[in-house]
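Q:
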Amino acid sequence: MLEHVLDGHDLIVPTANGEPVTLLDAVEAAAGAEEIDNVRVHQVFPLRDRPHHALAYGDRLRHVSYFLSAGLRSHYEAGTIDLVPNDLGHIPSILRTLDDPLMIVSVSPPDAHGFVSLGTNANYAAALHGEVRLFLEVNARMPRTSGRNQLHLSDALGWVEADYDLVAAPETEISDTDRAIASYVAERIPEHACLQIGIGSVPEAVAGLLSDRRGLGIHTELFTDGPRLLIEAGAATGAHKSEGRYQAVTT
């Protein structure tokens, strides 16, 4: 894979568990051995704290963030990562301005026909499929999901196999203040509403107050425990959605 990582160029890495751990480990090792130079890693919401976030390899490998998650804020304040202001829908068009980037992604094991899934992701990595160079890490523990996130092994420059657990998000602690705020939000959500639920204690608290609703829809960026519990409670069926009826849609 490293022969495809060009000095002065860019790597695109998917969100969260879409990060190909063994491939990015190899890139960091190459930076530590001074085998690559001036490479930038473009990523939203990494779940693992990595040495290059702290500029451990100098400008040989630098992180470019599109969202300041809790784990990155201290690095941004220290000046060791860059931030590109954006909203999620514009990230693919921003990444398309890069000069011949390489996208490295973690995918599910292939089916009998050689198709793999982006698993927990269907955002900018799916949008850029077919437009940028691609290298895959096939993780035996990445689930296969349905949607616009299907790739074929032949689409990639190559692939490696891996077998490691995905990172689970920590359980959200909901305070009395969170519940008070959530109650004001929940009372404004009618039956059949379509929900986009974010990350954090207040969104989870809101979802926890909606189990008595019926016919809710889910069309969301992040899919956390809140939407899952609404589906299990029979509150979210998607029966009244104008798009993706009877489906919960997430990126």
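Per the working numbering, residue 6 is the first one in the sequence shown, and the count goes up by one each step. For glycine and all other residues, C-beta sits at the position ideal for the given N, C-alpha and C.
Tell me whether the beta-carbon of I86 lies closer than 8 angstroms to the beta-carbon of L77.
A: Cβ atoms of I86 and L77: closer than 8 angstroms.
Q: Leaving out five residues before and five after L214 in sequence, what residues of the same chain have Cβ atoms less than 7 angstroms from its Cβ?
A: Cβ neighbours of L214 beyond the five flanking positions: A187, S188 and A191.
Q: S216: which of S206, L16 and T242 sits nearest, CA to CA?
A: The candidate whose alpha carbon is nearest that of S216 is T242.
Q: Pop quiz: G119 and S159 are said to be a contact at Cβ under 8 angstroms. What is the actual Cβ separation, rounded to whole angstroms?
A: Right, their Cβ atoms sit about 7 angstroms apart.
Q: Can you list, in chain order, the residues of its chain with a C-beta nearer than 8 angstroms to that of Q252? Leave out the 5 residues immediately preceding and following it.
A: G243 and K246, listed in sequence order.
Q: Just the C-alpha distance for H57 and A130, rounded to the nearest angstrom, thanks.
A: So the alpha carbons of these two residues sit roughly 21 angstroms apart.
Q: May I have the straight-line CA-CA distance separating S180 from G231, to the nearest angstrom?
A: Roughly 16 angstroms separates the two Cα atoms.
Q: Thinking C-beta only, is L60 closer than 8 angstroms to R53?
A: Against a cut-off of 8 angstroms, the Cβ pair of L60 and R53 comes out as no contact.
Q: Report yes or no: do the segment 39–46 and the segment 8–24 share at least 3 C-beta pairs separated by less than 8 angstroms?
A: Yes, since at least three Cβ pairs between the segment 39–46 and the segment 8–24 fall closer than 8 angstroms, the two stretches touch.
Q: Per DSSP, what are the beta-bridge partners of M108 in this structure?
A: According to DSSP, which records beta bridges pairwise, M108 is partnered with I17 and L139.
Q: Would you give the residue range spanned by the alpha helix (DSSP H) that E209 belongs to?
A: Here the alpha helix (DSSP H) through E209 covers S206 to G213.
Q: At the level of alpha carbons, what is the spacing between F259 and A21?
A: There is simply no residue 259 to check, as the chain begins at 6 and stops at 256 in what is shown.
Q: Answer yes or no: do G23 and G124 have a C-beta to C-beta separation smaller than 8 angstroms?
A: For G23 and G124, yes; Cβs fall inside 8 angstroms.
Q: Tell me whether T182 is buried or exposed, calling it buried when 16 or more other Cβ atoms sit within 10 Å of its Cβ.
A: Its Cβ having fewer than 16 others within 10 Å, T182 is exposed.
Q: I'd like to check one pair, E166 with V137: are the Cβ atoms closer than 8 angstroms?
A: No, they are not a contact pair.
Q: Kindly list the residues whose CB is nearer than 7 angstroms to the CB of G84, restricted to its own chain and excluding five residues on each side of it in sequence; keep chain order.
A: Same-chain partners within the cutoff: there are none.
Q: Taking the alpha-carbon positions, what's the S79 to A117 distance?
A: Computed Cα separation, rounded: 45 angstroms.
Q: Give the DSSP bridge partners of A240, in chain order.
A: Beta-bridge pairing links A240 to no other residue.
Q: Using the beta-carbon count (16 or more within 10 Å), is S111 buried or exposed?
A: Buried, since its Cβ has 16 or more Cβ neighbours within 10 Å.
Q: Could you tell me which whole alpha helix (DSSP H) segments of length 4 or greater appear in the segment 9–71?
A: For the segment 9–71, whole alpha helix (DSSP H) runs of length 4 or above, ordered along the chain, are 26–37.
Q: Pick helix, strand or coil for D170, following the three-state DSSP scheme.
A: Looking at D170 - three-state DSSP - the assignment turns out to be coil, as it is neither helix nor strand.
Q: Between I17 and V207, what straight-line distance do the alpha-carbon atoms span, to the nearest angstrom?
A: One C-alpha to the other measures close to 31 angstroms.
Q: Would you call T255 buried or exposed, if buried means 16 or more other Cβ atoms sit within 10 Å of its Cβ?
A: Under this definition T255 is a buried residue.
Q: Short check: CB of I96 to CB of Y71, under 8 angstroms?
A: Cβ distance < 8 angstroms, so I96 and Y71 count as in contact.
Q: So, using beta-carbon positions, are A212 and L235 closer together than 8 angstroms?
A: Yes.
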